[in-house]
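Single-structure report; data block below.
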Amino acid sequence: MKILNLFLFSSLVFNMSLSVANAEPGVSINLKKPPASLAKWYKPDNKRQVWLHTMFKLRREMQAMREYAEQEDGLHMEKWLTDFDKHYNKISEMVPEWKDEIKPELISDIRNFVKSKDFYKVAITLNKIEDTCDVCHENYQPQVTAIYRSPNYDSLRIKDVDGELQTIENNMQDLSVVVNQILIALADGNNKKSFIASNDLELQLKNLADSCQFCHKNDKYPEARILGKETTGNLKKLQKNIQQGHTKASQKLMGKIAVTVCARCHSIHKVVHDMRGALMSENDDVIKLE
Ligand code: HEC
Ligand code: HEC
Ligand code: HEC
């Protein structure tokens, strides 16, 4: 939702600037950069996504308190309030720069209202706490998700066709070159060349498949969805078609591979990776997207 709002907002700015005569059309959004101390509470600095899991606890505790306030159940209310007190204060313990974003004094207010059984005021105070959640989320949530929870390929190495290790960026450039070698040779009726290149593509995708476990560990399904039986079958069919001189069918299969392998994997991994790169590239306090 928040990300959607951001885009809605950007299109609003875009439309506004277009409506000004002779103005340079453009979009400019300023995003606040989250404090660097947040990194300690995410992988790889931490074993777990501690920040995110604290957030899940806060949401559960808020829900429990709302339900018990409605039922005027002071006993359960106090139990959840004690947990909430601990986790809400964790926000400024984990990220001291965010000390002023929270209002722990509201917790003692709630405690007093529970004691005097004024559950209407309890509900009102819960709303005030919710406001502190909303303000911080509006300012920081999308960029924190993109920076700390998107896949990071920095230390990943993949074998090239000669067995040498390369970065994902170089691997992708090689893949792109080989895909176009096949398409150019097909367009020019050079079957021998397109057949050799199709063997390279097969080997490159096999090497790429070996790298999926770097993140997906023992989970075989993600690899199977993109580089599994279906794809190896399409590559074999491609080679057979090239050998038999079926150019149209070969071109069609290349289109299929581009969509089911390249585009599918990009929509999951590349989009957030690129967003993260854009967010990390600025050194100022604000991130400017133009
Ligand atoms: C893991 C799934 C995955 C698959 C499968 C995949 N890509 Fe990529 N691709 C990525 C990621 C991640 C990036 C961003 C890497 C970076 O910029 O460091 C990328 C980036 C690229 C780039 C831009 C490289 C640059 O210079 O910034 C090209 C071109 C590319 N891929 C081509 C392809 C082609 C062609 C295929 C299919 C034959 C393909 N990719 C299959 C994940 C994948
Ligand atoms: C000082 C800033 C700050 C405050 C205050 C804050 N949050 Fe968050 N919250 C974040 C950030 C940053 C994220 C994004 C974390 C991520 O995506 O890994 C987040 C994410 C969440 C999420 C996860 C959403 C999802 O499904 O991805 C929940 C739930 C959440 N917060 C609940 C709360 C509640 C409830 C409160 C108030 C009691 C609260 N937060 C107060 C900063 C804050
Ligand atoms: C740098 C880490 C990283 C690498 C390397 C990586 N992925 Fe992923 N992938 C992720 C993350 C993070 C998600 C989203 C969370 C999840 O589903 O595990 C994801 C999700 C997926 C999904 C969607 C979830 C599903 O099971 O349908 C597929 C498909 C997928 N990856 C395929 C691949 C393939 C194929 C490769 C290797 C060519 C690969 N990934 C390599 C990090 C990575």
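Quick note: the sequence shown, position 23, residue 22 per numbering that gives the first Met the number 0, numbers continuous. Ideal Cβ positions, reconstructed from N, Cα and C, are used throughout, including at glycine.
Would you report the Cα separation of residue i and residue j, rounded to the nearest angstrom?
i	j	result
residue 116	residue 73	7 Å
residue 253	residue 47	41 Å
residue 212	residue 51	24 Å
residue 36	residue 83	22 Å
residue 96	residue 53	17 Å
residue 23	residue 30	Legend: pLDDT at residue 23 = 49, less than 50; position of this residue unreliable, value from coordinates given subsequently. When rounded, the distance between both Cα atoms is 21 Å.
residue 119	residue 78	19 Å
residue 4	residue 145	Model confidence at residue 4 stands at a pLDDT of 37, short of 50, so the residue's coordinates are unreliable and nothing is read from them.
residue 261	residue 226	10 Å
residue 276	residue 112	47 Å
residue 182	residue 195	12 Å
residue 230	residue 133	45 Å
residue 246	residue 237	10 Å
residue 172	residue 178	10 Å
Residue j and residue i - do their beta-carbons sit closer together than 9 Å?
i	j	result
residue 180	residue 161	no
residue 131	residue 102	yes
residue 158	residue 206	yes
residue 193	residue 185	yes
residue 64	residue 109	yes
residue 129	residue 61	yes
residue 166	residue 147	no
residue 290	residue 242	Outside the modelled stretch of the chain, which goes from 0 to 289, sits residue 290, for which no answer is possible.
residue 68	residue 125	yes
residue 143	residue 221	no
residue 104	residue 90	no
With DSSP as the reference, identify every bridge partner of residue i, one or two as the case may be.
i	result
residue 165	157
residue 127	In the DSSP output, where bridge partners are listed per residue, residue 127 has none listed.
Of the residues the options, which one's Cα is nearest the Cα of residue i?
i	options	result
residue 249	187, 270 and 42	187
residue 42	263, 220 and 214	214
residue 204	232, 79 and 217	232
residue 274	237, 217 and 149	149
residue 197	239, 168 and 225	239
residue 224	236, 210 and 263	263
residue 58	267, 38, 87 and 280	87
Contact the segment 135-142 vs the segment 243-261: 3+ CB pairs below 8 Å: The segment 135-142 vs the segment 243-261: no contact.
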